[in-house]
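A short write-up of the structure that comes next.
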């Protein structure tokens, strides 16, 4: 189980339609302890553990969860697109925004318009656009980022990946090192996944790819494969998929991540790529510790 630690950065997570007033909100904040066991590491690994919990909450449809203090860095509000109490949901959302403005005016605000699969397909774009415009207007002066989500397609994972990306403190340094790693080993593409949820948190590509939704598809495929492994009392460690055009390697990378490396050069043996992945692990482990020293990646191709 996760140990309770000092929280340097705390989220707000709300699901619409579960409270009537700001007074109820404040009372609920003081009494709720549901997320107190979330592990925060002080680096971006802590954010990944947090988003693992939040993804599970969204999928299971649990009720409102709140974790609020003056160090809150994010408000995540989940709207049920078919809610029959939209006016109350919006009022409650504004109460949350008031609390954010008072306690954490620099916090990021994200809204998930959830269960979009229940809306007729030809109406989804219009309904989401209208809801997004309303939310952005109500959120002023805060900036609000909206996502349309469903548990039945890749949109939920895409939303969480985007949120994770914006919360990682040293994401630019991470991207720079991932690019250096890909260039050194002559990879076409390198993806970094969160270990538990397989959310894509960073990637680098040197060639254009035709499928814009490939990250979410890969996440779902690997999660299903991991589930199959667990049913056989086995744990997923690594995978290599190869044909005449490319080789794809998925392997444990750091304590919080998996890495996926795509190679199209048939002259590079699998052993060389696997050695380079192994050699990069310690370096990327250091990057997870935000307060640690800054390093640049230097690796020799074997």
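Numbering (the numbering used here), first residue to last: 302 to 603. The beta carbon of each residue, even a glycine, is placed where N, CA and C say it ideally should be.
With C-beta atoms as the reference, is residue i less than 7 angstroms away from residue j?
i	j	result
residue 448	residue 413	yes
residue 491	residue 483	yes
residue 282	residue 408	Because residue 282 is not part of the residues shown, which for the chain are 302 to 603, the question remains open.
residue 410	residue 440	yes
residue 555	residue 586	yes
residue 545	residue 489	no
residue 553	residue 502	no
residue 382	residue 420	yes
residue 537	residue 527	yes
residue 452	residue 577	no
Just checking: is the beta-carbon of residue i within a distance shorter than 7 angstroms of some beta-carbon in chain D?
i	result
residue 498	Of the protein chains in the structure, only one exists, and it is not chain D.
By a C-beta neighbour count over all protein chains shown, 10 Å radius and 16 as the cutoff for buried, is residue i buried or exposed?
i	result
residue 563	buried
residue 396	buried
residue 459	buried
residue 445	buried
residue 581	buried
residue 522	exposed
residue 369	For residue 369, the pLDDT reaches just 44, beneath the cut-off of 50, and the residue's location in the model is therefore unreliable, leaving the point undetermined.
residue 560	buried
residue 377	buried
residue 390	buried
residue 432	buried
residue 533	exposed
residue 535	exposed
residue 405	buried
residue 338	Model confidence at residue 338 stands at a pLDDT of 29, short of 50, so the residue's coordinates are unreliable; what they give is reported in the following sentence. Burial call: exposed.
Here's a check: name, in chain order, each residue in its chain whose Cβ is nearer than 6 angstroms to the Cβ of residue i, leaving out the five neighbours to either side.
i	result
residue 540	551
residue 542	549
residue 524	499
residue 428	420
residue 394	378
residue 512	none
residue 475	503 and 588
Assuming residue i contacts residue j (C-beta within less than 8 angstroms), just tell me the rounded distance between them.
i	j	result
residue 415	residue 450	5 angstroms
residue 520	residue 500	7 angstroms
residue 402	residue 443	7 angstroms
Excluding five sequence neighbours on each side, which residues of the same chain lie with their C-beta closer than 7 angstroms to the C-beta of residue i?
i	result
residue 245	Only positions 302 to 603 of the chain appear in this structure, which leaves residue 245 out of reach.
residue 583	none
residue 574	486, 550, 562 and 564
residue 514	455
Quick one: what's got a C-beta closer than 8 angstroms to residue i's C-beta in the same chain, skipping five residues either side?
i	result
residue 507	483, 484, 488, 489 and 490
residue 292	Because the chain is modelled from 302 through 603, residue 292 falls outside the range shown and cannot be assessed.
residue 435	391
residue 323	Confidence in residue 323 is poor, its pLDDT being 34 and thus under 50, which makes the residue's placement too unreliable to answer from.
TODO: Can you check the stretch 379-423 for any beta strand (DSSP E) of at least 3 residues that lies completely inside it and give the ranges in chain order?
DONE: 409-415
- [ ] Scan the stretch 492-579 and note each continuous beta strand (DSSP E) run of 3 residues or more that stays entirely inside, going in chain order.
- [x] 501-506, 539-543, 548-553 and 558-564
TODO: Report the residue ranges of all beta strand (DSSP E) runs contained in full by the stretch 443-493; include only those spanning at least 3 residues, in chain order.
DONE: 445-449
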